[in-house]
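Below: one structure, written as structure tokens.
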Amino acid sequence: MIKVSKFGGSSVADAGQFKKVRDIVRADPDRLYVVVSASGKRFADDNKITDLLLLVNAHIAYHVDCSSLLKDIEDRFVAIAEELGVKYPVSEKFEEFASVIKSLSPEYIVSRGEWFTARLMAEYLGLPFLDAADVIVFHHDGSVDMERTQIRLRDAAVRLGRFVLPGFYGATVDGTIKLFKRGGGDITGAIVARCLDATVYENWTDVSGFLSADPRIVDNPRTIHRITFDEMRELSYMGASVLQEEAIFPVREVGIPIQIKNTNQPEKRGTIIRETAEDNEREHLITGIAGRKNFMAVHIQKAHMSNKVGFLRRALTIFERYGISIEHVPTGVDSFGVVVNGADVKDTIYSIVNDLQQELKPDVINVVDQLALISVVGRNMNRRAGTSGRIFGALGEAGVNIRMITQSSQEISIIMGVNNSDFDHAINVIYQTFVEGEMVDMPSEGITQ
Ligand code: ASP
Numbered sequence: 001m002i003k004v005s006k007f008g009g010s011s012v013a014d015a016g017q018f019k020k021v022r023d024i025v026r027a028d029p030d031r032l033y034v035v036v037s038a039s040g041k042r043f044a045d046d047n048k049i050t051d052l053l054l055l056v057n058a059h060i061a062y063h064v065d066c067s068s069l070l071k072d073i074e075d076r077f078v079a080i081a082e083e084l085g086v087k088y089p090v091s092e093k094f095e096e097f098a099s100v101i102k103s104l105s106p107e108y109i110v111s112r113g114e115w116f117t118a119r120l121m122a123e124y125l126g127l128p129f130l131d132a133a134d135v136i137v138f139h140h141d142g143s144v145d146m147e148r149t150q151i152r153l154r155d156a157a158v159r160l161g162r163f164v165l166p167g168f169y170g171a172t173v174d175g176t177i178k179l180f181k182r183g184g185g186d187i188t189g190a191i192v193a194r195c196l197d198a199t200v201y202e203n204w205t206d207v208s209g210f211l212s213a214d215p216r217i218v219d220n221p222r223t224i225h226r227i228t229f230d231e232m233r234e235l236s237y238m239g240a241s242v243l244q245e246e247a248i249f250p251v252r253e254v255g256i257p258i259q260i261k262n263t264n265q266p267e268k269r270g271t272i273i274r275e276t277a278e279d280n281e282r283e284h285l286i287t288g289i290a291g292r293k294n295f296m297a298v299h300i301q302k303a304h305m306s307n308k309v310g311f312l313r314r315a316l317t318i319f320e321r322y323g324i325s326i327e328h329v330p331t332g333v334d335s336f337g338v339v340v341n342g343a344d345v346k347d348t349i350y351s352i353v354n355d356l357q358q359e360l361k362p363d364v365i366n367v368v369d370q371l372a373l374i375s376v377v378g379r380n381m382n383r384r385a386g387t388s389g390r391i392f393g394a395l396g397e398a399g400v401n402i403r404m405i406t407q408s409s410q411e412i413s414i415i416m417g418v419n420n421s422d423f424d425h426a427i428n429v430i431y432q433t434f435v436e437g438e439m440v441d442m443p444s445e446g447i448t449q
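In this note's numbering, the protein residues as written are 1 to 449.
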């Protein structure tokens with residue numbers, strides 16, 4: 001087995017977290033390749049090193065002295081090195097970096113967060129350090145040159161056997177440092193897993209996996225132990241997120257599963273994400289519930305619309321004209337709705353409605369705002385009749401008015417629109433009807449994780 005183990009910012013936030021990482025890496029000899037983010041927050045109102053480095057860039061751009069900020073960053077690395085007894089001369093190296101900071105590119109400066117963290121981690125684990133600038137190759141347009149990256153990573157793996165690699169950055173062939181999007185350490189880990197044919201891509205973070213609902217809304221929601229890539233995409237789109245979205249593609253394409261694990265509770269099962277989720281345990285009907293508020297729906301009704309060719313297209317073209325991305329289009333026989341993100345249309349909604357009126361001459365047009373969308377996701381829903389009936393029944397009994405309904409084409413999700421003000425209540429009602437009701441005969445671990 002080959003495991004790529006990526007540790008996020010909170011997993012490497014201080015010396016105590018470094019120790020946990022060491023225990024995890026030592027516990028399994030298959031954990032050959034370690035990827036780290038820059039040290040993240042140690043407590044709620046702490047700062048991530050990456051944010052501090054971005055702030056350094058802003059100081060430089062506005063010609064404001066940043067020496068005390070640099071000192072704070074240095075102190076964090078020094079504290080880790082001292083507490084762990086790591087020999088690496090971090091203070092000296094950091095001061096070298098700080099002394100030439102004005103000559104460095106903003107991306108280079110930000111990349112030093114992961115660079116120093118990985119340096120210290122490599123020393124502490126007694127593993128070779130591999131600089132991402134030498135192996136993660138970017139094209140000039142910012143995309144990854146997967147072929148070159150694979151050759152270089154394979155070469156490094158043969159040469160070094162094991163390594164610790166900083167996430168989040170790489171370089172073009174001429175050596176210019178480039179960053180991924182925020183949270184991009186996840187992408188680095190996925191690329192390493194793909195290029196080195198990992199059996200699994202472990203993503204170590206500070207939660208015990210993907211939760212079946214937002215814990216700010218539902219009390220102590222169940223952890224999802226197994227989820228498919230499609231289900232995860234639906235839930236992430238609706239706001240549930242643990243992983244950087246773009247980290248999925250490199251591994252998904254080659255069939256490598258992703259395992260989300262908690263550095264602070266490594267004994268928990270976490271969540272495994274795969275293409276299909278065949279398993280022998282009892283399957284849940286609903287995998288998860290997620291949602292977002294503040295959508296707007298424009299409803300259009302016109303008699304005999306169903307016979308008019310191109311009517312819907314003309315309506316959608318008007319939204320396109322204003323550069324608005326459409327979320328959903330629930331349709332009836334002589335009516336349809338166009339659901340968009342409220343913030344996207346806040347300045348243009350009157351013009352859009354005006355154009356719709358002029359060009360389509362509908363019988364009725366109305367705008368519903370303050371709409372929340374809730375997506376109930378479950379790969380098993382398509383096998384069981386009556387799921388939507390149960391959802392709508394439960395919501396009806398709880399006095400929640402459903403303002404629109406759509407179902408995804410593979411039938412793995414049902415999406416409902418409710419008033420913003422009903423959002424939390426509706427999610428709790430659905431959770432209690434399905435997830436909690438099912439919990440009764442689940443293995444006990446399913447409840448506590
Ligand atoms: N350090 C970067 C960030 O804070 C990348 C990462 O953590 O994955 O966004």
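Beta carbons are placed, not taken as given, at the ideal position from N, Cα and C, and that holds for glycine.
Note that the structure is a prediction, hence the values are computed from the model and not measured.
Within the same chain, V36, F129, V164, L165 and P166 come within 7 Å of A118 by CB-CB distance, once the 5 residues on both sides are set aside. Taking one beta carbon from each stretch, the region 210-227 and the region 244-251 have fewer than 3 pairs nearer than 8 Å; the two do not touch. Burial check for G16: the Cβ neighbour count within 10 Å stays below 16, so the residue is exposed.
For V254, the CB contacts under 7 Å within the same chain, skipping 5 residues up- and downstream, are R194 in chain order. Remark: three or more beta-carbon pairs, one from each stretch, lie closer than 8 Å, so the region 108-117 and the region 38-53 are flagged as touching.
In this structure, E74 sits away from F43, with a CB-CB distance that is not shorter than 8 Å. Between the region 200-208 and the region 146-162 there are fewer than three C-beta pairs closer than 8 Å, too few to call the two in contact.
Assignment of G288 by DSSP, reduced to helix, strand and coil, places it in the strand class.
With a threshold of 7 Å, the Cβ atom of R42 does not count as near the ligand ASP, since no heavy atom of the ligand is closer than that.
Across the set L243, Q370 and G126, the C-alpha of L243 shows the shortest separation from the C-alpha of G9. With fewer than 16 other Cβ atoms from the protein chains shown falling within 10 Å of its own Cβ, H140 counts as exposed.
A direct Cα-to-Cα measurement between E411 and A385 gives close to 11 Å. Boundaries of the alpha helix (DSSP H) harbouring P250: I248 to R252, taken from the DSSP string.
The Cβ neighbour count for S375, taken over all protein chains shown within 10 Å, is at least 16; the residue is labelled buried. Cβ neighbours of Q150 within its own chain (closer than 6 Å, five residues either side excluded): C195. By the CB criterion at 8 Å, T199 and K20 fall outside the cutoff. The ligand ASP has a heavy atom closer than 7 Å to the beta-carbon of A38. Within a 10 Å sphere around the beta-carbon of D186 sit 16 or more other beta-carbons, which makes this residue buried. Contact check for N294 and N420: beta-carbon distance about 7 Å, within the 8 Å limit, so the pair qualifies. Beta-bridge annotation (DSSP): I415 is paired with S375 and T406.
Within the model, the alpha-carbon separation for L211 versus S413 is close to 16 Å. A contact is defined here as three or more CB-CB pairs under 8 Å, and the region 291-306 meets this definition with respect to the region 342-353.
The straight-line gap separating the alpha-carbon atoms of R403 and T287 is approximately 23 Å. With respect to the 8 Å criterion, A132 and G175 are not classified as neighbours on the basis of their beta carbons. One alpha carbon belongs to D219, the other to S105, and they sit about 45 Å apart. Residue burial is scored here from C-beta neighbours: M305 has at least 16 other C-beta atoms within 10 angstroms and is therefore classed as buried. Nearest in C-alpha terms to E123, of all of V100, P89, R152 and H63, is P89. Relative to the Cα of Y33, the nearest Cα in the group D197, H328, R313 and D355 belongs to D197.
Annotated three-state conformation of K6 is strand, per DSSP. K71 is classed as exposed because its beta carbon has fewer than 16 other beta carbons within 10 Å across all chains shown. The three-state secondary structure of G209, taken from DSSP, is coil. Annotation for R26 indicates a beta carbon at 7 Å or more from all heavy atoms of the ligand ASP. Going by DSSP, T228 is part of no alpha helix (DSSP H) but of the beta strand (DSSP E) stretching over R226 to T228. The beta carbon of L285 lies closer than 8 Å to those of G378, N380, M381, R384, T387, F434 and E438 in the same chain, with the five residues before and after it left out.
The ligand ASP approaches R182 closely enough that one of its heavy atoms is under 7 Å from the residue's Cβ.
The Cβ-Cβ distance between K302 and P362 falls below 8 Å.
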